[in-house]
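Have a look at the structure below before the remarks.
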Amino acid sequence: MLFSELGLHPDLERAVKTLGWNEPTPIQSKAIPVALRGGDILGCAQTGSGKTASFVLPILHHLLTKPGNGLRAFVIVPTRELAAQVEICFKDCGKFSPVRVASVIGGVGYDRQRKSMSGGASVIVATPGRLLDHLKNGRFKMDSVQYLVLDEADRMLDMGFLPDIRAIISRVPRDRQTMLFSATLVKKVDQIAAFALRNPERVEVSRPTETAEGISQVVYPITQAQKTDLLVALLKATEMRSVLVFTRTKNRADRLTQRLSAQGFSVGILHAGRTQGQRMGAMENFRSGRTQILVATDIAARGIDVREISHVINFDVPQNPEDYVHRVGRTGRAYGVGDAITFCDREEDPLISGIERFTGVVFPRAMLPTFPYAIKPNLEPTKAKTFSGIRFRRRPVARSRRALFRR
Ligand code: AMP
301 MLFSELGLHP
311 DLERAVKTLG
321 WNEPTPIQSK
331 AIPVALRGGD
341 ILGCAQTGSG
351 KTASFVLPIL
361 HHLLTKPGNG
371 LRAFVIVPTR
381 ELAAQVEICF
391 KDCGKFSPVR
401 VASVIGGVGY
411 DRQRKSMSGG
421 ASVIVATPGR
431 LLDHLKNGRF
441 KMDSVQYLVL
451 DEADRMLDMG
461 FLPDIRAIIS
471 RVPRDRQTML
481 FSATLVKKVD
491 QIAAFALRNP
501 ERVEVSRPTE
511 TAEGISQVVY
521 PITQAQKTDL
531 LVALLKATEM
541 RSVLVFTRTK
551 NRADRLTQRL
561 SAQGFSVGIL
571 HAGRTQGQRM
581 GAMENFRSGR
591 TQILVATDIA
601 ARGIDVREIS
611 HVINFDVPQN
621 PEDYVHRVGR
631 TGRAYGVGDA
641 ITFCDREEDP
651 LISGIERFTG
661 VVFPRAMLPT
671 FPYAIKPNLE
681 PTKAKTFSGI
691 RFRRRPVARS
701 RRALFRR
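Basically this note's numbering = 1-based index in the sequence shown + 300.
Quick look at the structure:
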């Protein structure tokens, strides 16, 4: 399918061309026609699939083709970073259109936000908490809203936003078009879908457990004590243009950042303990290539969109298989190619097994031949039948002893 076949407003077709997008991604081919017809959408797509433009382009099309005043479209997202990216997508796709976009997110002064909201924006991208503050204080009204998007709904639920979202939706006129996107269509998403959507069309591009195509995934068995050294050695031994490194905690992110800086690498840091300004700065430096490495925790990294990420490194194995899929979804974006490397200490073996069962892929184990390993890595995947959250079957003792011996 070609963009020209979708029947988008000429200003949008032109913008898409200048962005270098040759054809719609699968989610765009499926969702855009439904959205242009005015139908509600229950969309299942991961970050990296091009899902943002699949609601941004139809909204812009409606705003350009149907006259109206005031605030007309609302997009609710779980994190500030994602809000920034959705805003960028609106600005990119709307570069030849007079549509004004503003964001309402935590960590930014209320006054500044009030000004940008009263400045005639027809689209607002918001995080739920701050938006609700403004609504409760009567600072602005949603009476003229015709288009509502709930992006990464599963994540918003994970973060406990369900009551806020309900409160927000109840303030938007019932006669509207609603699009809900989620990386996974788990049962709890039905809770929002049931009261937010009307006869939605379900649009799905891939099973939620699938990681994006084009990503090669590999596990490096390594002890906790040597993780930093191995990371430094890998960074020196291979050509990694832009690397996103995930750690389990803020403290670990801070410590790792210090050690990488001390080794002369250009590093940024992104976690919930940083101010909004610091987080924006870190993202901008990484996006523009001024820093080679961005160290992040899961919560802050959701929605990071840097098209050129060459490597994702899981310095710590994520606790949930879903987080793994989200993390590696940062690379290979929009069907590019990327590498995802996971460092795995012996204690983390069960987590890896859970991820392998969830994704249906057994990752090859690898080692860096020149690295002075304190304990020889075991390059055989553990076949433990453990799966966090569903069932936990103990590994046979003999097997774990053998593994211990080999290492
Ligand atoms: P998203 O899944 O919305 O976060 O988008 C992932 C990335 O794909 C972003 O960097 C977009 O700019 C890019 N993108 C979106 N649509 C297309 C397209 N049709 N062709 C190429 N890249 C795209």
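The beta carbon of each residue, even a glycine, is placed where N, CA and C say it ideally should be.
Ligand 1 and residue i: does the residue's C-beta get closer than 6 Å to at least one heavy atom of that ligand?
i	result
residue 453	no
residue 317	no
residue 325	yes
residue 409	no
residue 351	yes
residue 348	yes
Indicate the three-state DSSP secondary structure (helix, strand or coil) for residue i in the structure shown.
i	result
residue 560	helix
residue 568	strand
residue 301	coil
residue 358	helix
residue 658	helix
residue 407	coil
residue 637	With a pLDDT of 44 at residue 637, under the threshold of 50, the modelled position of this residue cannot be trusted; read the value that follows with caution. Coil, per DSSP.
residue 429	helix
residue 463	helix
residue 642	strand
residue 341	strand
residue 346	coil
residue 444	coil
residue 282	What the structure shows of the chain is the stretch from 301 to 707, and residue 282 is not part of that stretch, so it cannot be assessed.
residue 679	coil
residue 697	With a pLDDT of 33 at residue 697, under the threshold of 50, the modelled position of this residue cannot be trusted; read the value that follows with caution. Looking at residue 697 - three-state DSSP - the assignment turns out to be helix.
residue 685	Confidence at residue 685 is low in this model, with a pLDDT of 42, below 50, so its placement is unreliable and no value can be given for it.
residue 435	helix
residue 665	strand
residue 632	Its pLDDT being 48, under 50, residue 632 is placed unreliably in this model, and the coordinates cannot settle the point.
residue 674	coil
residue 516	strand
residue 334	helix
residue 326	helix
residue 650	helix
I'd like the span of the beta strand (DSSP E) that includes residue i, first residue to last.
i	result
residue 596	593 to 596
residue 385	Careful: residue 385 lies outside any beta strand (DSSP E), inside the alpha helix (DSSP H) at 380 to 393.
residue 478	477 to 482
residue 504	501 to 504
residue 708	Here the chain has residues from 301 to 707 only, and residue 708 is not among them.
residue 425	423 to 426
residue 375	373 to 376
residue 544	543 to 546
Would you call residue i buried or exposed, if buried means 16 or more other Cβ atoms sit within 10 Å of its Cβ?
i	result
residue 677	buried
residue 421	buried
residue 489	buried
residue 470	exposed
residue 551	exposed
residue 451	buried
residue 410	exposed
residue 675	exposed
residue 399	buried
residue 689	For residue 689, the pLDDT reaches just 34, beneath the cut-off of 50, and the residue's location in the model is therefore unreliable, although a value from the coordinates is still provided. By the neighbour-count rule (16 or more Cβ atoms within 10 Å), residue 689 is not buried but exposed.
residue 505	buried
If you follow the alpha helix (DSSP H) that residue i is part of, which residue opens it and which one closes it?
i	result
residue 577	576 to 587
residue 495	487 to 496
residue 530	527 to 537
residue 622	621 to 628
residue 315	310 to 318
residue 456	453 to 458
Using 7 Å as the limit for Cβ to Cβ distance, is residue i near chain D?
i	result
residue 477	In the structure shown, chain D cannot be found, because there is only a single protein chain.
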